[in-house]
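Everything below concerns the one structure shown next.
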Amino acid sequence: MNEKDSLTTPSLTRARIGAALRAQRSPLNPRGDSQASVAAGLEAERLAAQLSAVAPGLALMLQLRARAFDDAAAAALDRGVRLIVSIGSGFDDRRAGACADPSRWEVDHRAILAAKGARSMVEQVVVDDLDSDAWSELHARGVPLARERTLFVVHNPTLWSSRPPLESFLPRFAVAATAGSEILLNLPDDENATGGALRVVAPVSAPGGSKALLELHRRCAAHGLEIAAAWGTGDLQRCYLGSSDLLVREFFVWIWKNEAPSGSARAVSMHDLLGHSPVSVGGAGGLTATTALAAAAGLTSMRQGRAAIRIERAPVQVVARPAREAWAHGVAAEACILLRRIAELLDQSRVPLLLLDISSTDVRRPEAHGRGGAPAVVRISEPQYSRQIVAPELTHVIARSASAWLSEGLAVWTQRRIAPGSCFPDDVQSGAVDEAVTRPRGLSLGEWLQRPVDLPMALRPVARRPGRSEYRRAASFVDFFMRSRGRRAFFQLFALSGQPGFLEAVAGVCRSVGWSSLDEMEAEWEASLRQRSG
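According to our numbering, the sequence shown is numbered sequentially starting from 165.
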C-alpha cells in the first residue's frame with residue numbers, strides 16, 4: 165500500500181460503518197439487510213451498533229439520505245438531466261442497477277472503489293482528493309460535463325475534506341458545467357454540537373443554523389450560483405414517514421447553475437427535488453415516533469417541527485426551546501438531584517436514564533412513560549414546570565405499580581417529602597377536600613388497589629374516576645402503611661397490587677406484617693383517618 169492508499173483508510177472505514185448503519189432495521193428498512201451488513205464486516209457492524217446506541221436515529225437518517233438521493237437522481241433524469249455524478253458515496257450505490265449505466269458515474273477514493281470491485285456497475289473515477297481532483301479526473305475520462313446537464317450528488321463533503329465544503333469544486337462547476345446543471349449535497353447541523361448540548365434545528369427554507377451551510381451559501385454567492393433551497397432531515401422524515409422526531413439532523417442543499425429545472429417554480433418544494441410525493445411507509449396515519457427516545461413518548465417539539473435543544477447531564481437529558489437554554493441547564497441539574505433523592509427515599513438502587521421534554525409551551529397534563537430498556541420520558545409543558553410538578557412524575561419513572569391508585573398515592577407521598585409546596589392535589593386549601601378524604605367511600609380498598617394503571621380514562625365508570633380527594637386518600641394510605649409497617653412491606657404490597665389474582669397475595673402480605681386480612685388493614689387505616697381528622 166503506497167502513501168496515498170494509506171490516506172484513504174479512514175474513508176474506507178467510514179464507508180463500511182455507513183453500510184452497516186443503512187443495513188439496520190428501521191421503518192424504511194423493516195427487515196434489515198443482512199447481506200449488506202455482512203459485506204460491511206463484523207467490526208463495522210459492531211461500531212455501527214455502538215453509534216446507534218449513542219445517537220438514536222442515526223441509521224434512519226442515513227437511510228433517509230440514501231432514499232432521497234436515489235429519488236432525486238431518478239427525478240433529474242426524468243426532467244432532462246443527462247448525467248448523474250455521485251461523489252463520495254462509499255457503499256451507498258443501491259441504484260447502480262444490474263447493468264452498466266452510461267448516464268451514471270461515481271467518484272471516490274481508490275480504497276473504496278477497490279473494495280467494491282465488480283459490485284459497482286456504474287463508471288468509476290478514482291481520486292485521492294474528492295474536492296480538488298474530482299473535476300480534473302472526470303474531464304480526463306471524457307465525461308461531457310460542459311455539454312450535458314448534470315446532477316452532482318455530493319455525499320457529506322465535511323467528512324472527507326478539512327477545507328470548507330467544495331472549496332475547489334464549486335469554482336470549476338460555476339465556470340465549466342453547462343447551464344441548468346445542479347448539485348445536491350448534505351451537510352451536518354454542526355451549530356453548538358459541543359459542550360454537552362446537541363442542537364436540533366427545525367426544518368429550514370433558507371440557510372441558517374449550521375456553520376458549514378453558511379459557508380457554502382457564501383461561496384455559492386461568490387461564484388454566481390443559486391441555493392434553491394435547504395431542507396432539514398425532519399422535512400425528509402415527514403415526506404417519507406409522516407413524522408419529524410429525529411434527534412440527529414442534517415441539511416440537504418440544492419444548488420442550481422443559471423436556471424431552474426424545467427417546469428419548477430422559483431419557490432421550490434420537496435416535490436420539485438424528488439419528482440413525486442413519496443408514500444409514507446408508516447401506513448395511512450404515518451408514524452408518530454421512530455427513534456429510541458421518541459418511541460417512548462413522541463417528543464412534542466419533534467412532532468410539531470419546533471426548534472429544540474437537548475441538554476445532557478447523566479443520567480438526565482432535557483429537551484427545551486433554544487431560547488430557554490440557560491434555564492434548561494438548571495432544570496437538568498435539578499432533575500438529576502431529584503431523581504437520585506427519590507430513588508434513595510424509595511430504597512431503589514437503580515437510577516434510570518431519563519429524557520425530560522419541557523419544549524412545549526402548550527399547557528397540558530404532565531405525562532411519564534417508560535418501556536422496556538429504553539430511557540424513561542417525562543413530558544411537562546414549559547409554563548407548568550416546577551420542582552413540585554416534576555417530582556411525582558419522576559416517582560412514576562422510578563416506581564410504578566400495576567395499580568394506578570397506589571402509584572398515584574406514592575407519587576403524592578413522595579412529592580410532599582422531596583419537593584414540598586403547592587402541587588396537585590395539594591394546590592387548594594384543605595377543608596372540604598380533607599373531609600372527603602376521611603369520609604367512607606363507595607369502593608373498598610381492595611377495589612382501589614386493583615384499578616389497572618392502563619385503563620383509559622374515557623372507559624372508566626364515572627364513580628371510579630379519581631379526583632383531588634382520591635389522590636389525597638391514596639397518599640394517606642401510603643403514609644399509613646409506611647409509618648405502621650415500613651417501606652419494605654409497603655413495596656411488597658406495591659409490587660402485587662393490580663396484578664391478576666392479587667387479593668390472595670396481598671392477604672399474605674397483610675398476615676406477614678400482623679393483620680389477619682385486607683379488611684382488618686382497611687379498618688385500621690380508616691380508624692387512623694378519623695382519629696387524625698377528629
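For every residue, glycine included, the Cβ atom is placed at its ideal position computed from N, Cα and C.
task: Determine, using beta carbons only, whether residue 228 and residue 192 come nearer to each other than 8 Å.
output: Judged by beta-carbon spacing, residue 192 lies within the 8 Å limit of residue 228, meaning their Cβ atoms are closer than that value.
query: Can you tell me whether residue 350 is buried or exposed, with buried defined as 16 or more other CB within 10 angstroms of its CB?
result: Around the CB of residue 350, 16 or more other CB atoms lie within 10 Å, so the residue is classed as buried.
- prompt: Which residues in the same chain have their Cβ closer than 6 Å to the Cβ of residue 197, if we skip the five residues on either side of it in sequence?
  reply: These residues qualify, in order along the chain: 187.
query: If you draw a straight line from the C-alpha of residue 180 to the C-alpha of residue 671, how long is it?
result: Note on geometry: alpha-carbon atoms of residue 180 and residue 671 lie some 59 Å from one another.
field: 6 Å Cβ shell around residue 684 - same chain, five flanking residues per side excluded
entry: Nothing listed; no residue qualifies.
- prompt: Quick one: is residue 573 buried, meaning 16 or more other Cβ sit within 10 Å of its Cβ, or exposed?
  reply: Classification for residue 573: buried.
- prompt: Based on Cα-Cα distance, which residue from 422, 389, 387 and 433 lies nearest to residue 396?
  reply: The shortest Cα separation from residue 396 among 422, 389, 387 and 433 belongs to 433.
field: residue 513 in three-state terms, based on DSSP
entry: Note: residue 513 maps to coil in three-state DSSP.
Residue 490 versus residue 499: straight-line alpha-carbon distance, rounded: Rounded to whole angstroms, the separation of the alpha carbons of residue 499 and residue 490 is 15 Å.
message: To the nearest angstrom, how far is the alpha carbon of residue 649 from that of residue 677?
response: Rounded to the nearest whole angstrom, the C-alpha separation of residue 649 and residue 677 is 7 Å.
message: Out of 232, 184, 325 and 665, which one is the CA nearest neighbour of residue 296?
response: Cα-wise, what sits closest to residue 296 is 325.
Cβ pair residue 576, residue 496 closer than 8 Å: With respect to residue 496, residue 576 sits apart: the two C-beta atoms are not nearer than 8 Å.
- prompt: Should residue 525 go down as buried or exposed, given a rule of 16 or more other Cβ atoms within 10 Å for buried?
  reply: Residue 525 comes out exposed.
query: Can a CB atom of chain D be found closer than 8 Å to the CB of residue 544?
result: Note that chain D does not occur in the displayed structure, where there is just one protein chain.
- prompt: Is it true that the CB of residue 478 sits closer than 8 Å to the CB of residue 562?
  reply: With respect to the 8 Å criterion, residue 562 and residue 478 are not classified as neighbours on the basis of their beta carbons.
C-alpha distance - residue 333 paired with residue 305, whole-angstrom precision: Between the alpha carbons of residue 333 and residue 305 lies a gap of roughly 17 Å.
- prompt: Since residue 314 sits in a beta bridge, which residues does DSSP pair it with?
  reply: For residue 314, which the question treats as bridged, DSSP gives the partners 247.
query: For residue 316, which of 249, 645, 225 and 586 has the nearest alpha-carbon?
result: If you compare the alpha carbons of 249, 645, 225 and 586 with that of residue 316, the shortest gap goes to 249.
message: Are the CB atoms of residue 555 and residue 542 within a distance shorter than 8 Å?
response: The Cβ-Cβ distance between residue 542 and residue 555 does not fall below 8 Å.
message: For a minimum of 4 consecutive residues, which ranges assigned as the alpha helix (DSSP H) are wholly contained in the region 635-660?
response: 651-660, all fully within the region 635-660.
message: Can you tell me which residues form a DSSP beta bridge with residue 388?
response: DSSP output for residue 388 lists no bridge partner at all.
field: Residue from 270, 484 and 292 whose Cα sits closest to the Cα of residue 314
entry: Nearest option by C-alpha distance: 270.
message: Taking the alpha carbon of residue 288 as the reference point, which residue from 558, 272, 279 and 299 has its own alpha carbon closest?
response: Out of 558, 272, 279 and 299, 272 has the C-alpha closest to the C-alpha of residue 288.
task: Please name the residue, chosen from 590, 567 and 504, that lies closest to residue 552 on a Cα-to-Cα basis.
output: When each option's Cα is compared against that of residue 552, the closest is 590.
message: Between which two residues does the beta strand (DSSP E) holding residue 541 run?
response: Its beta strand (DSSP E) spans residues 540-543.
field: Candidates 519, 547, 523 and 592, of which the one nearest residue 558 by Cα
entry: Selection 519, 547, 523 and 592 evaluated against residue 558 yields 519 as nearest (Cα-Cα).
message: Classify residue 401: buried if its beta carbon has 16 or more other beta carbons within 10 angstroms, exposed otherwise.
response: Residue 401 comes out buried.
query: What is the DSSP secondary structure of residue 455, reduced to helix, strand or coil?
result: Because the pLDDT of residue 455 is 37, which lies under 50, any placement of that residue in the model is unreliable, and the number read from its coordinates should be weighed accordingly. It is coil, neither helix nor strand.
message: Given this structure, state the Cα-to-Cα distance separating residue 473 from residue 547, to the nearest angstrom.
response: A direct Cα-Cα distance of roughly 17 Å separates residue 473 from residue 547.
message: Please tell me whether residue 294 and residue 251 are closer than 8 Å, where the distance is taken between their beta carbons.
response: Yes, these two residues count as a Cβ contact at 8 Å.
- request: Could you give the DSSP three-state label for residue 339: helix, strand or coil?
  value: Correct three-state label for residue 339: helix.
task: On the DSSP bridge assignment, give the partners of residue 415 in chain order.
output: BP columns for residue 415 point to 351 and 396.
- request: Tell me whether residue 206 is buried or exposed, calling it buried when 16 or more other Cβ atoms sit within 10 Å of its Cβ.
  value: Burial is judged here by how many other beta carbons sit within 10 angstroms of a residue's own beta carbon; residue 206 has fewer than 16 and is exposed.
query: Which stretch, first to last residue, makes up the alpha helix (DSSP H) that contains residue 223?
result: Here the alpha helix (DSSP H) through residue 223 covers 222-242.
Terminal residues of the beta strand (DSSP E) in which residue 558 lies: Segment 551-562 is the alpha helix (DSSP H) holding residue 558; no beta strand (DSSP E) there.
message: Only counting the same chain, and skipping five residues up and downstream in sequence, which positions put a Cβ closer than 8 Å to that of residue 502?
response: Answer for residue 502: 551, 554, 555, 558, 582 and 583, listed in chain order.
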